């Protein structure tokens, strides 16, 4: 078995183990055997509510959202040849948050929130793409424009937070932290549908991306149509990030971090490395959510706080290595 | 030789103008690349050598005129079908972090693959052959960024070879190499031309290397062709003075019999 294959197997085993832990631990402990039985076949069990309404959907959402974010980050980093890029850094999450906060702050019906967040994410992606287009497309420009848009949207959010009544605004602030606490099977279904469409597309784009990594000239020479390929990669990458932010809220650093770990473990981009990235994304979000739930139990932290706390130091580490190489 | 190799295409530029959004760099240039030969494009800095090569390789869209590959406008052909006929080695391609030699070479197979078409035996053969021709079989598992300059350049050539295009364009393939590695690189290209009948077009800085290795020279000055033809016929002291503004004495090379330019000092 190749190195990548063994790492993928190990990560898959890790996901299974963490899933079981996620079902077992909590304020209301459930023995492992019963937890698994209830989740898979024993619907009449006394733990049915705790497992199948509270915990199982939650771990499922963590797995699916982790996959989406990690793959999205890997696509962006390969496209832009920059390891410090991810959808949350160029403003996709902030765009979603601006729309979501607007819905919450104005006191509109919560059922519109996921749609608004999705529209915000996609709209921001479109805006960044249009603004960074000048006789073609440059990755560097996309990042700079994205950072600018991100700053602008952050200002809009801050304005709304100070402008609207505190009781509405506090819900908005909570949403912005990104939490898996209230995840339902409906959320899991939305993520699964998004993944079913976008994940195969991401894998189909790998071969192109591997060539595009050799620089624009080399990519053209090898027969890659640059502009359509870039548009496809950005669409898939933004789509994955948008689905997550619509369902779960912004979860920083997963998209930025996981592709690094996968690269450091298994090397430069390939189908196998992308699979590993996806699995590690699930591992990271599952563990982050477990920590968020149990670290200060019974007080529950938003998972986004934990991913940021894990991501910050790692980012500094990456920057250190980056500086040394340059 | 893998079976899907297409015969060498014809490539020519007609009344070509090209620029980078400013004044024209290549001006009304008409040239044909002789099939099955080695062509060297020479000229002073900023004479339009690389621009011409980029236009020939469809990296740069001409503002007027056109480049024709097998008689069809290269900018209108599907880019993959061009890639199967025309390989290119740009001046400074990007090395992805930590990429291994073999992985780099495998990426050259892109134009031969289709969406649901798995990696095939032909692909494996082409990669192995490219590694053998460039003497990199032993280094296939080494990261490209750990190789020496000469080895790295060979890895790129291997990638272009795996692309398996019958015509190869190279932009200054000897830059950053010491003289021994320069000769090694040019010998490799000459061998590819002789044994595999690949057409080679390259931008070269060194006139004497151009004279020695190329059978056809295109000398550019200020975006126009000053002379084109076999080195023995076109390389004269008078041409070099026009192209480079440098007085030289052209003698016959004692080793190969090709023209050898010996510059005078400016204050001589």
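Chains as they are written, first to last, in my numbering: chain A, 46 to 371; chain B, 478 to 745. Beta carbons are placed, not taken as given, at the ideal position from N, Cα and C, and that holds for glycine. Quantities reported herein were computed from a predicted structural model and do not represent experimental measurements.
| Item | Value |
| --- | --- |
| At which residues does the beta strand (DSSP E) containing residue 706/B begin and terminate? | 701-706 |
| Rounded to the nearest angstrom, what separates residue 145/A and residue 162/A at their Cα positions? | 5 Å |
| Between which residues of its own chain and residue 630/B is the CB-CB distance below 7 Å, once the five residues before and five after are set aside? | 650, 654 and 662 |
| Flag residue 266/A as yes if its beta-carbon sits less than 8 Å from any beta-carbon of chain B, otherwise no. | yes |
| Is the CB of residue 156/A under 8 Å away from at least one CB in chain B? | no |
| Out of curiosity, what's the CA-to-CA distance linking residue 153/A and residue 532/B? | 57 Å |
| Assuming residue 196/A and residue 287/A make a contact with CB atoms under 8 Å, what is their CB distance in whole Å? | Contact doesn't hold; Cβ gap of about 20 Å is too wide. |
| How about residue 83/A: is its C-beta nearer than 8 Å to some C-beta of chain B? | no |
| Within the continuous beta strand (DSSP E) that includes residue 105/A, where are the two ends? | Segment 101-125 is the alpha helix (DSSP H) holding residue 105/A; no beta strand (DSSP E) there. |
| State the Cα-Cα distance for the pair residue 54/A and residue 137/A, rounded to the nearest angstrom. | 32 Å |
| If you follow the beta strand (DSSP E) that residue 288/A is in, where does it begin and where does it stop? | Segment 271-292 is the alpha helix (DSSP H) holding residue 288/A; no beta strand (DSSP E) there. |
| In the DSSP assignment, the alpha helix (DSSP H) including residue 83/A goes from what residue to what residue? | 77-85 |
| What are the residues of the segment 113-135 of chain A that lie near chain B, defined by any Cβ-Cβ distance shorter than 9 Å? | 123, 126 and 128 |
| Answer yes or no: does any C-beta atom of chain A fall closer than 8 Å to that of residue 632/B? | no |
| Say whether chain B places a C-beta atom closer than 8 Å to the C-beta of residue 185/A. | no |
| Within a Cβ cutoff of 6 Å, which residues of the same chain sit near residue 106/A, ignoring the five residues on either side of it in sequence? | 225, 228, 232 and 233 |
| Using DSSP with H/G/I as helix, E/B as strand and the rest coil, what is residue 620/B? | strand |
| Residues of chain B with CB under 7 Å from residue 313/A, in chain order? | 573, 574, 575, 576 and 580 |
| Give me the subset of the segment 227-251 of chain A whose CB atoms are less than 9 Å from a CB atom of chain B, sorted by chain position. | 249 |
| Give the straight-line distance between the Cα atoms of residue 353/A and residue 301/A, rounded to the nearest whole angstrom. | 10 Å |
| Do residue 586/B and residue 517/B have their C-beta atoms within less than 8 Å of each other? | no |
| May I ask which residues mark the beginning and end of the alpha helix (DSSP H) holding residue 686/B? | 684-690 |
| If contacts are defined as beta-carbon pairs under 8 Å, then residue 263/A and residue 570/B qualify, I think. What distance do you get, rounded to the angstrom? | 5 Å |
| What's the C-alpha gap between residue 674/B and residue 504/B? | 31 Å |
| Using a Cβ cut-off of 8 Å, which residues of the segment 676-710 of chain B contact any Cβ in chain A, in chain order? | none |
| Listed from N- to C-terminal order along the chain, which residues in the segment 193-215 of chain A have their beta-carbon within a distance smaller than 8 Å of any beta-carbon of chain B? | none |
| Tell me the start and end of each unbroken beta strand (DSSP E) in the segment 480-564 of chain B that is at least 3 residues and wholly inside, in chain order. | 488-495, 503-510, 515-520 and 541-546 |
| For residue 738/B, report the span of its beta strand (DSSP E) as first-last. | 736-740 |
| Measure the C-alpha to C-alpha separation of residue 170/A and residue 498/B and round it to an integer number of angstroms. | 28 Å |
| By a C-beta neighbour count over all protein chains shown, 10 Å radius and 16 as the cutoff for buried, is residue 722/B buried or exposed? | exposed |
| Who are residue 729/B's beta bridge partners in DSSP? | 736/B |
| So within the segment 556-607 of chain B, which uninterrupted beta strand (DSSP E) runs reach at least 3 residues, ignoring any that extend past its ends? | 563-566 |
| Alpha carbon to alpha carbon, how far is residue 289/A from residue 110/A? Give it in angstroms, no decimals. | 6 Å |
| Any C-beta of chain A within less than 8 Å: which residues of the segment 584-613 of chain B qualify? | 584, 585, 587, 588, 590 and 592 |
| Please report how far the alpha carbon of residue 581/B lies from the alpha carbon of residue 557/B, in whole angstroms. | 19 Å |
| Classify residue 251/A as helix, strand or coil using the three-state DSSP reduction. | helix |
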